[in-house]
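Just so we're aligned: the sequence shown equals residues 15 to 97 in our numbering. For reference, the structure discussed in these notes is given below.
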Amino acid sequence: MQTSNPPSALLFIEGLPPNTNTQMMSLVFNQYLGLVDVRMVDAKPGIAFVEYDSEPSATTALNGLNGFQIAPGFNLVISYAKS
15 MQTSNPPSAL
25 LFIEGLPPNT
35 NTQMMSLVFN
45 QYLGLVDVRM
55 VDAKPGIAFV
65 EYDSEPSATT
75 ALNGLNGFQI
85 APGFNLVISY
95 AKS
């Protein structure tokens with residue numbers, strides 16, 4: 015698990031299929047309480063930022079979804095975002 019940055023409420027997501035959108039990400043990450051925002055990075059398809067209302071909420075989502083297969087051949091790689 016790649017969690018070299020200090021724990022925070024903001025997660026950095028990699029490994030997304032190129033056609034991933036905010037709505038799809040919200041469906042996946044809304045399984046965990048406290049979801050605040052999903053931000054896709056238009057300039058870099060395949061990555062996104064997901065914000066929770068607290069570090070414990072973000073950590074629960076990270077632990078539950080890191081490695082999750084969002085589509086065939088695409089597994090989420092989740093880490094804490096740099097502050």
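Ideal placement from N, C-alpha and C gives every residue a C-beta, glycine not left out. The model shown is predicted, which means the values in this text are computed figures rather than measured ones.
Residue i burial status per 10 Å Cβ neighbour count (16 or more: buried)
i     : result
Val50 : exposed
Thr36 : exposed
Ala62 : buried
Beta strand (DSSP E) segment containing residue i, residue limits
i     : result
Leu24 : Leu24 to Glu28
Val64 : Ala62 to Tyr66
Beta-carbon gap between residue i and residue j smaller than 8 Å
i     : j     : result
Ala13 : Ser97 : The chain is shown from 15 up to 97; residue 13 falls before or after that span and cannot be answered.
Val42 : Ile92 : no
Gly29 : Asn89 : yes
Pro21 : Thr73 : yes
Paired residues, beta bridge with residue i - DSSP
i     : result
Tyr46 : None, per the DSSP bridge assignment.
Gln83 : Asn89
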